[in-house]
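Residue numbers (our numbering): 8 to 390.
Even for Gly, the Cβ is constructed at its ideal location relative to N, Cα and C.
Here the structure is laid out as structure tokens; the discussion comes afterwards.
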Amino acid sequence: MVISPSVNRAPSVQLRVGMQERQWQQANGGSGNAVTAATSRSRERVRSRMEAVSSALAYATCSVLLTLFNKAVFSGKQFDYPWFALAWQSAATAVLVWLSSRTGWTATKLRWDAELLRCMTVPNFFFVMFLFTNSRALRYLTLPVQVVFKSLAPVGITIFESVWHRDPIPRGVWWALLLCALGNVVAALGRGGLSLSVRGYLWALANLFANVMYLATLRTHVPARFSSLGKTFASAVLSLFWMIPLSGISGELGGTVLSPAERLSRAAASAHNATGRGDAAALQRQSALSALRHESPGFQLAFVLSGLLGTLISAASFWCVSATSGSTYSVVGTLNKVPVVVLGYFIFREPTTAFTWAGVAVSIWAGYLFTESKRRMYAANSS
8 MVISPSVNRA PSVQLRVGMQ ERQWQQANGG SGNAVTAATS RSRERVRSRM
58 EAVSSALAYA TCSVLLTLFN KAVFSGKQFD YPWFALAWQS AATAVLVWLS
108 SRTGWTATKL RWDAELLRCM TVPNFFFVMF LFTNSRALRY LTLPVQVVFK
158 SLAPVGITIF ESVWHRDPIP RGVWWALLLC ALGNVVAALG RGGLSLSVRG
208 YLWALANLFA NVMYLATLRT HVPARFSSLG KTFASAVLSL FWMIPLSGIS
258 GELGGTVLSP AERLSRAAAS AHNATGRGDA AALQRQSALS ALRHESPGFQ
308 LAFVLSGLLG TLISAASFWC VSATSGSTYS VVGTLNKVPV VVLGYFIFRE
358 PTTAFTWAGV AVSIWAGYLF TESKRRMYAA NSS
């Protein structure tokens, strides 16, 4: 039998057609997978950018609000109970951190660690000192001048680390130091910054020292293996062991007899009442809870929120660092001083001059220069 050539070639033709179909399907499937992967990467980039922006805004908002609420609480004309207010903030932080761990809001499980408490003892002493001196500086200094002093802290920490840890200091940091000093001089030239006596500047200098020592001892005494959540909880608990006794010793918990200077001040304020006589009750200092009950609802709200914001800013700080970078976190911390100064001026109506504004501008620029110099140094070391 003679087989036709066309019939003989049919299987090979079918084989080639089948191979082409499979190749076409694989090509289409591969391109589909590529498109899906590209779409997934695009969505991930958008999500990452949105998280970075959201975390930075959350940190900036918490930082600005906490500064303004602390200014309202610690500079109240009648309410002068710093240890009681600080104890409330630390207690709120400890409770909220514990609840966040127990309810699963945080991935890190909180546990009582005696070694961490021992390591945190020295840093916590300076932390409490930092909080107290900050409360007194807020009472006696305007917010713009306080911002100028705050800009000195990163430079002071850098100098300490260069001496203690032999870390190099970039040239830009030295320029930032000079600009910070210039900003303080310019701000001091305005009468607005000096209107609340030299006492505020002494508290601000003590606050700067405590800030540097706290961060320095935190690096030297606390190992990196401990979680940020654990350190926050331990610091809040240890702070209460200082703040509650000091609240009692200072008479903030149960009230006390006023000092002679305080008596004269209260007597002068109440000398011209309705009966024309001094108010004897005003010469006795009431307890913090009693004084808080007599404050306005707005002040009471600021007092409560100051404790909640103290916890939120810790969470926002960790979120911002993890979602962005340390340099971005520092830049946000530098730039959020602008709304603090502007809002503080309009809310508290503090005496402020052109020299004060110029000093703030110089200090903010110094903070940016410092942050950028450190970022370039870290980038050069990692490359």
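Q: Could you round the C-beta distance between threonine 224 and proline 130 to whole angstroms and report it? I think they count as a contact, below 8 angstroms.
A: 4 angstroms
**Q.** Pick from Pro151, Phe91, Thr239 and Ser82 that is closest to alanine 295, judged by C-alpha positions
**A.** Phe91
Q: Report the residue from Thr128, Gly314 and Tyr147 whose alpha carbon sits nearest the alpha carbon of phenylalanine 248.
A: Relative to phenylalanine 248, the option among Thr128, Gly314 and Tyr147 whose CA is nearest is Thr128.
(Q) So, for lysine 116: in the same chain, excluding its five sequence neighbours on each side, which residues have a beta-carbon less than 8 angstroms away from its beta-carbon? (A) Ser108
Q) Touch check for the region 231-243 and the region 173-183: three-plus C-beta pairs under 8 angstroms? A) no
Q. How big is the Cα-Cα spacing for phenylalanine 362 and serine 370?
A. Roughly 12 angstroms between the two C-alpha positions.
**Q.** Nearest-angstrom Cβ-Cβ length linking alanine 63 and threonine 331, presumed shorter than 8 angstroms
**A.** Correct: roughly 6 angstroms between the Cβ atoms.
Q. Can you tell me whether DSSP reads arginine 399 as helix, strand or coil?
A. Beyond the ends of the chain as shown, which are 8 and 390, falls residue 399; an answer cannot be given.
Q: Decide if arginine 292 is buried, meaning its Cβ has at least 16 other Cβ atoms within 10 Å, or exposed.
A: buried
(Q) Between which two residues does the alpha helix (DSSP H) holding isoleucine 164 run? (A) Run containing isoleucine 164: 159-171, per the alpha helix (DSSP H) assignment.
Q: Pick helix, strand or coil for glycine 374, following the three-state DSSP scheme.
A: helix
(Q) Looking only at its chain, what residues have a beta carbon closer than 7 angstroms to the beta carbon of glutamine 96, apart from the 5 residues adjacent to it on each side? (A) Ser313, Gly314 and Gly317
**Q.** Cβ pair count under 8 angstroms reaching 3, the region 346-361 against the region 131-138
**A.** no
**Q.** Where alanine 243 falls, given that 16 or more other Cβ within 10 Å makes a residue buried
**A.** Buried, since its Cβ has 16 or more Cβ neighbours within 10 Å.
Q) In this structure, does DSSP put lysine 84 in helix, strand or coil? A) coil
Q. What are the start and end residues of the alpha helix (DSSP H) that includes leucine 145?
A. 128-147
Q. Considering only C-alpha positions, which residue in the set Trp119, Val60 and Ala79 is nearest to tryptophan 326?
A. Val60
Q: Please determine, among Ala322, Leu319 and Gly261, the residue with the shortest C-alpha to C-alpha distance to alanine 298.
A: Selected option, being the one with the closest Cα: Gly261.
Q.
With distance defined between alpha-carbon atoms, name the residue in Pro151, Phe139 and Glu302 nearest to asparagine 218.
A. Ranking Pro151, Phe139 and Glu302 by Cα distance to asparagine 218 puts Phe139 first.
(Q) Can you tell me whether arginine 143 is buried or exposed? The criterion is at least 16 other CB atoms within 10 Å of its CB, across all chains shown. (A) buried
Q: With DSSP collapsed to three states, give me the class of threonine 359.
A: Threonine 359 sits in coil when the DSSP states are folded into three classes, being neither helix nor strand.
Q. First and last residue of the alpha helix (DSSP H) that includes tryptophan 112?
A. Segment: none, tryptophan 112 is in no alpha helix (DSSP H) and carries neither H nor E.
Q.
Please return the same chain residues whose Cβ sits closer than 7 angstroms to the Cβ of valine 193, not counting the five positions on each side in sequence.
A. Phe362, Ala365, Gly366 and Val369
Q.
Check this for me: beta carbons of alanine 322 and leucine 186, under 8 angstroms apart or not?
A. It is not a contact, given that the beta carbons lie outside the stated cut-off.
Q: Specify the secondary structure class of serine 13 as computed by DSSP and reduced to three states.
A: In this prediction, serine 13 scores a pLDDT of 42, lower than 50, which makes its location untrustworthy; no coordinate-derived value is stated.
(Q) Between which two residues does the alpha helix (DSSP H) holding valine 229 run? (A) Note, valine 229: premise wrong, no alpha helix (DSSP H); not H, not E.
**Q.** Coil, strand or helix - proline 177 by DSSP
**A.** coil
Q | Cβ-based neighbour list, phenylalanine 76, same chain, cut-off 7 angstroms, excluding 5 preceding and 5 following | A | Ala309, Leu312, Ser313 and Leu316
Q) Do you know whose CA, among Ser380, Thr360, Ile320 and Leu123, lies nearest histidine 228's CA? A) Leu123
Q.
Using a 10 Å radius around the Cβ and a threshold of 16 neighbouring Cβ atoms, would you call tryptophan 210 buried or exposed?
A. buried
Q: Measure the Cβ-Cβ separation of threonine 239 and threonine 100 and say whether it is below 8 angstroms.
A: Against a cut-off of 8 angstroms, the Cβ pair of threonine 100 and threonine 239 comes out as a contact.
Q) CB-CB under 7 angstroms to valine 345, same chain, minus the five flanking residues each way: which ones, in chain order? A) Ile371
Q) Whose CA, out of Leu245, Glu379 and Ile166, lies closest to the CA of aspartate 393? A) A query on residue 393 cannot be resolved here, the shown segment of the chain reaching from 8 to 390 and no further.
Q. With a Cβ-Cβ cutoff of 8 angstroms, do arginine 146 and phenylalanine 81 count as a contact?
A. The answer is yes: Cβ separation under 8 angstroms.
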